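> Questions regarding the structure given below will be posed in turn.
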Amino acid sequence: MNTFPQRILIIRLSAIGDVVRTLPALRALRSTFPSAYIAWVVEENAYNLLEEHPDLDRVFLFKRKQWTEEIVSAHNFLKPLKEVRAFFKAIREDHFDRVLDFHGILKSGVISILSGTPERVGFSRNYCKEGNYLFNNRHIDVGTASLNRIERNLRFIRFLGIDAGNHDPIVPVTDEDRSLIDTFLREKGLVQHTPLIAIHPGTSSKTLYKRWDPLSYARVADTLIERYNANIIWTWGPDELEAVTSAVAHMKRDSTVACRVSLRQLAELFRRCDLFLGSDSGPMHIASFVKTPVVVIYGPTDHRINAPYENNPHRVLRKDVSCNPCRKRDCSSVACMSAISPEEVIEAVTQLLTSPRTGVF
22 MNTFPQRILI IRLSAIGDVV RTLPALRALR STFPSAYIAW VVEENAYNLL
72 EEHPDLDRVF LFKRKQWTEE IVSAHNFLKP LKEVRAFFKA IREDHFDRVL
122 DFHGILKSGV ISILSGTPER VGFSRNYCKE GNYLFNNRHI DVGTASLNRI
172 ERNLRFIRFL GIDAGNHDPI VPVTDEDRSL IDTFLREKGL VQHTPLIAIH
222 PGTSSKTLYK RWDPLSYARV ADTLIERYNA NIIWTWGPDE LEAVTSAVAH
272 MKRDSTVACR VSLRQLAELF RRCDLFLGSD SGPMHIASFV KTPVVVIYGP
322 TDHRINAPYE NNPHRVLRKD VSCNPCRKRD CSSVACMSAI SPEEVIEAVT
372 QLLTSPRTGV F
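Mapping to the working numbering: the sequence shown position 270 is 291, numbers consecutive.
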């Protein structure tokens with residue numbers, strides 16, 4: 022086996038948090054193989070994070086959402102079919118010698134085999150889904166399913182002889198992104214204000230069961246303003262603005278709602294903050310990777326698998342109930358989330374704000 026690949030194709034299509042948690046593996050690959058040609062296949066929602074990434078030579082955009090909508094509409098179904106054909110043609114023309122399928126589902130397996138790459142590496146049968154192992158011809162056993170996703174991805178690439186130790190990931194931010202955040206903070210009068218705390222109450226529309234109560238967020242925000250003269254910035258993504266407006270409506274004090282920003286701009290905004298507060302989400306992982314201390318509220322998801330970046334200060338809040346962790350997305354009670362009180366969250370925030378390592382005070 023060629024242990025020094027010259028042309029590597031990474032497949033991790035979504036979601037935002039999972040793409041972010043693959044970045045340490047990318048950093049390890051680039052550090053070990055500085056002259057290799059490395060490309061990545063990703064879907065629309067996380068594409069902005071990989072654009073202009075210094076560790077990547079090329080990003081292939083897999084327009085799943087757009088193509089699906091166009092095919093279903095049947096108005097011009099030939100157009101997406103032509104684009105899909107051109108997509109795979111472009112991949113094959115890059116003549117990759119190794120695919121690293123970090124996603125481990127049917128869709129990523131199909132992309133892997135249609136890439137025409139001779140060595141296709143994926144997870145072993147117990148650690149992938151939807152028959153993904155059938156499409157790859159080398160399989161990696163990571164040892165346990167209860168493994169932090171960052172460590173899982175690093176274990177995945179150790180077969181290449183990589184020292185998969187501490188490789189702080191790069192979250193790319195352009196000068197334009199910095200300028201936009203500069204302007205936003207200046208217009209809101211927040212440039213010199215400390216502490217500056219980002220609260221992200223939303224999660225994707227598919228994972229509403231991971232959201233904490235807006236009223237509880239409002240109580241926390243008001244207390245932080247009263248106790249520490251904190252400046253609160255509410256951040257949000259697609260389908261999440263309602264969660265922000267609901268929390269703000271319950272507040273007694275003034276706060277700031279962020280404008281709509283890209284993922285890279287969100288990363289830069291988090292980098293300017295003294296602390297991030299939110300639940301298990303892609304933005305939480307972004308904040309963790311730009312070295313902003315994070316307080317994370319966990320309910321149904323497994324905190325061991327979805328923990329923040331261990332090299333960054335953080336506090337994890339969760340309660341054991343009879344049914345968590347689970348993936349019951351239609352749960353009506355979400356007892357695991359409501360069991361966490363605003364007072365506990367405030368205490369966790371206080372610990373980080375006053376910590377000798379990270380503290381503002």
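Don't be surprised by glycine CBs; every beta carbon is placed ideally from N, CA and C. Since we're looking at a predicted model, the values are computed, not measured.
1. Whole angstroms is fine: what's the gap from TYR319's alpha carbon to SER300's?
2. Among residues of its own chain, excluding the 5 on either side of SER136, which ones have a beta-carbon nearer than 8 angstroms to its beta-carbon?
3. Sort ASP122, VAL131 and ASP78 by Cα distance to TYR148 and report the nearest one.
4. Express the C-alpha separation of ILE361 and PRO26 in angstroms, rounding to a whole number.
5. Under the DSSP definition of a beta bridge, which residues are partnered with ASP122?
6. Go ahead and pull the three-state DSSP assignment for GLU261.
7. Whole-angstrom Cβ separation of GLU64 and SER35, contact assumed at under 8 angstroms?
8. Can you tell me whether HIS188 is buried or exposed? The criterion is at least 16 other CB atoms within 10 Å of its CB, across all chains shown.
9. So for LEU168, helix, strand or coil by DSSP?
10. By Cβ distance, which residues of its chain are closer than 8 angstroms to ARG48, with the 5 residues on each side in sequence left out?
11. Does the distance from the CB of GLY182 to the CB of ASN153 come in under 8 angstroms?
12. Can you give me the start and stop residues for the alpha helix (DSSP H) that VAL381 sits inside?
13. If SER267 sits next to ILE253, beta carbons under 8 angstroms apart, how far is it from one beta carbon to the other, in whole angstroms?
14. Let me confirm a value: GLY258 is counted as buried when at least 16 other C-beta atoms fall within 10 Å, else exposed. Which label applies?
15. Taking DSSP's pairing of strands, which residues face ILE59 in a bridge?
16. Under a three-way DSSP split, which group does SER300 fall into?
17. Can you tell me the Cα-Cα spacing of ILE37 and TYR68, whole angstroms?
18. Residues in the same chain with beta-carbon distance under 6 angstroms from VAL163, minus the five sequence neighbours each way, listed in chain order, please.
19. For the beta strand (DSSP E) that GLU140 lies in, which residues bound it at each end?
20. Answer yes or no: do ASP234 and SER354 have a C-beta to C-beta separation smaller than 8 angstroms?
21. Going by beta-carbon coordinates alone, are PRO321 and LYS231 separated by less than 8 angstroms?
22. What number of angstroms, rounded off, separates the C-alpha of PRO363 from the C-alpha of VAL241?
So, from the data block:
1. Answer to the nearest angstrom: the Cα atoms are 6 angstroms apart.
2. Closer than 8 angstroms at Cβ, skipping near neighbours: LEU30, PHE109, ILE112, ARG113, PHE117 and VAL120.
3. Closest by alpha carbon: ASP122.
4. Taking C-alpha positions only, PRO26 is separated from ILE361 by approximately 48 angstroms.
5. Partner residues in the beta bridge of ASP122, as assigned by DSSP, are ILE32.
6. The answer is coil: DSSP assigns GLU261 none of H, G, I, E or B.
7. Right, the Cβ-Cβ distance comes to about 5 angstroms (below 8 angstroms), so this counts as a contact.
8. Buried, because 16 or more other Cβ atoms sit within 10 Å of the Cβ of HIS188.
9. In the structure shown, LEU168 sits in coil (DSSP, three-state: anything other than H, G, I, E or B).
10. Excluding sequence positions up to five before and after ARG48, its CB lies within less than 8 angstroms of the CB of ASP76, HIS188, ASP189, PRO190 and ILE191, all in the same chain and listed in chain order.
11. No.
12. From DSSP, VAL381 is part of no alpha helix (DSSP H); its letter is neither H nor E.
13. Not really, about 15 angstroms apart at Cβ, beyond 8 angstroms.
14. Buried, since its Cβ has 16 or more Cβ neighbours within 10 Å.
15. Beta-bridge pairing links ILE59 to ILE29.
16. Looking at SER300 - three-state DSSP - the assignment turns out to be strand.
17. Distance from the CA of ILE37 to the CA of TYR68, rounded to the nearest whole angstrom, comes to 9 angstroms.
18. Excluding sequence neighbours, VAL163 sits near TYR148, ARG173 and ARG176.
19. Element bounds for GLU140: 140 to 144.
20. It is not a contact, given that the beta carbons lie outside the stated cut-off.
21. For the 8 angstroms CB-CB criterion, PRO321 and LYS231 form a contact.
22. Distance between the alpha carbons of PRO363 and VAL241: 6 angstroms.
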